[in-house]
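The sequence shown begins at 1 in UniProt numbering and counts up by one. Even for Gly, the Cβ is constructed at its ideal location relative to N, Cα and C. Computed from a prediction, not measured in an experiment: that's the story for all the values here.
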Amino acid sequence: MTSQQCQSGGPQINRQISNDTLLRCQCTSDFSALRVHPRAAGQSHSVAPCASWNNSGADIVYPTQTSLVLCSLLLSFCLRSYDSHCTFCSEHRISTHTHTHTHTLRADQLCGCFSVRNRLREIVGASTNWRDHQQALADRLSLSNQLAGSQDELPVRRMKDSYIEAHLPLGTDPTLREKYLNYLKGVRFGRILEDLDSLAVLICYSHTHNKTLQRSPLSIVTALVDKIDMRKQIIHPDCDIKFTGHVTWVGKTSIEAKMHMSQYHGGAYTPVLDATFVMVARDPENKRAAFVNPLKPEGIEEEKLFHQGEINKTRRIELSTASLLKVAPTAEERKIVHSLFLNTLDSKTVSFRSRVLPPNSVWMEDAKVKGLEICHPQERNIFNRIFGGFLMRKAYELGWANACVYGGCRPNLVAVDDILFRKPVEIGSLLLLSSQVCYTEGKYIQVRVHTEVLDPLTRQHNTTNVFHFTFVTDKDVPNIVPQSYGESMLYLDGKRHFNQTLESQ
1 MTSQQCQSGG
11 PQINRQISND
21 TLLRCQCTSD
31 FSALRVHPRA
41 AGQSHSVAPC
51 ASWNNSGADI
61 VYPTQTSLVL
71 CSLLLSFCLR
81 SYDSHCTFCS
91 EHRISTHTHT
101 HTHTLRADQL
111 CGCFSVRNRL
121 REIVGASTNW
131 RDHQQALADR
141 LSLSNQLAGS
151 QDELPVRRMK
161 DSYIEAHLPL
171 GTDPTLREKY
181 LNYLKGVRFG
191 RILEDLDSLA
201 VLICYSHTHN
211 KTLQRSPLSI
221 VTALVDKIDM
231 RKQIIHPDCD
241 IKFTGHVTWV
251 GKTSIEAKMH
261 MSQYHGGAYT
271 PVLDATFVMV
281 ARDPENKRAA
291 FVNPLKPEGI
301 EEEKLFHQGE
311 INKTRRIELS
321 TASLLKVAPT
331 AEERKIVHSL
341 FLNTLDSKTV
351 SFRSRVLPPN
361 SVWMEDAKVK
371 GLEICHPQER
381 NIFNRIFGGF
391 LMRKAYELGW
401 ANACVYGGCR
411 PNLVAVDDIL
421 FRKPVEIGSL
431 LLLSSQVCYT
441 EGKYIQVRVH
451 TEVLDPLTRQ
461 HNTTNVFHFT
471 FVTDKDVPNI
481 VPQSYGESML
491 YLDGKRHFNQ
501 TLESQ
């Protein structure tokens, strides 16, 4: 089989389900229908994703069986067809059973920014109305007895079981395109961050799915964004986007999900970015850790992915141990700080107190941009806290604005690095965002965004997130110069993140 082009300009994607059943995602001019066509009654359904797993959009034959049927999600997001009277739909999965009717998904049922959240609400039984959230939370408390006492009690999963493919039809849906369009006629990358966060959660719920339970007792939340590497600077606003992803590593209570984004342009899908998210499973109250299904890699390629997950875990521990908030800078870093200090001394006064800004430089104190958000219920996640994707979008947009002002031109994102979610943000919080240019080198700008919540009654500040973004411009930018010891530590931390970004490119 080969990929065929349809009216929308995107490929027609066929997936072989066992030997006698075909799952087809037929692209139409308006992405108005997604159908599952059983080729023969009485046959079991199965689909296995990729051979790494084919990101080209070409049709693939998979003879092996898995519990997950890939319905080629339409992102923003069109998920599986849903019919409460059908086992196929109510389980959101395929086990071995007969399925004899065809599902048609209308665009008005599935397209829209909150489709994925609605599906996730179904999985956990969350309320769709803010005023009912207390009752929904009380209902979830009863699910605690369904949690596994140990990881050994849970069935082993494969990487194929969590594979998801999603399509964002920017080329065929003008209304959707407007939501993603920025003032420069490009794609709002903050929206992409929101989509990646939602998709990562759904991937992890696919990994932990238990078909015997109507609702999942797990609360799966984003722990950190390990890395997002851009493979392409330009994202076209009028071309369809495809996301693929699956679980690549599992601990006892944590899950690593890798996702890839590509865009259909010039007759083929080309890579845009690679993302690695780490999620954690909690109990229904989101108060303590919960066990997740173990993962068994199959084949050399999956062994490499799993091993890379172990390496990533070790690297994160090492970086945390070597944090400048815990240990002193290295000897080489101390030399860098002292050199920066010497460059700012006034040779005329020969005084440690008199500081002069070097040519083509900016004091770090003058490279800040701040913002404030009132956290309304509209931006809540399925657990009635502020959606992590929303926080990432706001932080990215503030960081981008800072880089734009600092460089005096439009910056392009190179990488997102080490976004750590320290504490959840509650509804009604006052969220303070502070963006700081902390390191520059040639055309590159390293930006750190710090977010914290302010309690207006006690006036206490609590850090919730720290974001690191690497941007590049078309021209060399001024050097950033720290003055205080604290700013020097920000400078060294920014340099560390920048070097890690260059090493991963």
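DSSP, reduced to helix, strand and coil, places Cys438 within a strand of the structure shown.
A straight line joining the alpha-carbon of Lys242 with that of Thr458 spans about 46 angstroms.
Secondary structure note for Ile311: its alpha helix (DSSP H) is the uninterrupted segment Gly299 to Thr321. Distances from the alpha-carbon of Asp226 to those of Asn312, Phe498, Leu413 and His376 put Asn312 closest. Looking from the CA of Arg422, the closest CA among Val250, Leu202, Val453 and Leu413 belongs to Val453. Phe243 has Ala166 and Met261 as its beta-bridge partners, per DSSP. Minimum Cα-Cα distance from Leu273 among the listed residues Ser162, Gln233, Ile427 and Ser351 corresponds to Gln233.
Met364 and Asp493 have their C-alpha atoms spaced approximately 14 angstroms apart. Excluding residues up to 5 positions away in sequence, Leu492 lie with their Cβ nearer than 6 angstroms to the Cβ of Pro329 in the same chain.
Per DSSP, the unbroken alpha helix (DSSP H) holding Glu397 starts and ends at Gly388 to Gly407. Put simply, the stretch 196-207 does not touch the stretch 176-183. Fewer than three CB pairs are less than 8 angstroms apart.
Listed in chain order, the non-local C-beta contacts of Phe387 below 7 angstroms within the same chain comprise Glu379, Arg380 and Asn381, local neighbours out to five positions each way being set aside. Judged by beta-carbon spacing, Thr344 lies within the 8 angstroms limit of Val481, meaning their Cβ atoms are closer than that value.
With at least 16 other beta carbons inside 10 angstroms of its own, Tyr269 counts as buried. For Asp274, the uninterrupted beta strand (DSSP E) run begins and ends at Ala268 to Arg282, by DSSP. Taking the C-beta atoms as reference points, Leu502 is found no nearer than 8 angstroms to Leu224. DSSP, reduced to helix, strand and coil, places Gln505 outside both helices and strands of the structure shown, so it counts as coil. Nearest in C-alpha terms to Asp474, of all of Ala290, Ser435 and Gly408, is Gly408. In terms of Cβ geometry, Val337 and Tyr406 do not form a close pair [threshold 8 angstroms]. Rounded to whole angstroms, Val449 and Gly399 show a C-alpha spacing of 6 angstroms. For Val225, DSSP records a beta bridge to Phe277 and Ile419.
Minimum Cα-Cα distance from Arg158 among the listed residues Arg140, Ile203, Leu184 and Asn182 corresponds to Ile203. Between the alpha carbons of Asn293 and Pro155 lies a distance of about 6 angstroms. Counted as a single uninterrupted DSSP element, the stretch harbouring Gly190 is not any beta strand (DSSP E) but the alpha helix (DSSP H) occupying residues Phe189 to His207. It is roughly 12 angstroms from the alpha-carbon of Pro456 to the alpha-carbon of Ile374. Closest option to Arg353, judged by alpha-carbon separation, among Gln483, Arg496, Asn182 and Ile220: Gln483. In the DSSP assignment, Val466 falls within the beta strand (DSSP E) that extends over His461 to Val472.
Annotated three-state conformation of His338 is helix, per DSSP. Under the three-state reduction of DSSP, Lys370 is assigned to strand.
Excluding sequence positions up to five before and after Ser162, its CB lies within less than 6 angstroms of the CB of Ile203, Ser206, His207, His246 and Val247, all in the same chain and listed in chain order. Inter-residue distance for Arg188 and Asn145 is about 42 angstroms (C-alpha atoms, whole angstroms). As the crow flies, the alpha-carbon of Gly186 is around 44 angstroms from that of Leu143. Between Val437 and Ala367 a beta carbon distance of about 4 angstroms is seen, short of the 8 angstroms cut, so the two are scored as contacting. The criterion of a C-beta distance shorter than 8 angstroms is satisfied by Leu372 and Leu430.
Across the structure, Ser347 and Glu332 are spaced so that their CA atoms are roughly 25 angstroms apart.
Close CB contacts of Phe498 within its chain, under the 8 angstroms cut and outside five residues either way in sequence, are with Tyr439, Glu441, Tyr444, Gln446 and Thr470 (chain order).
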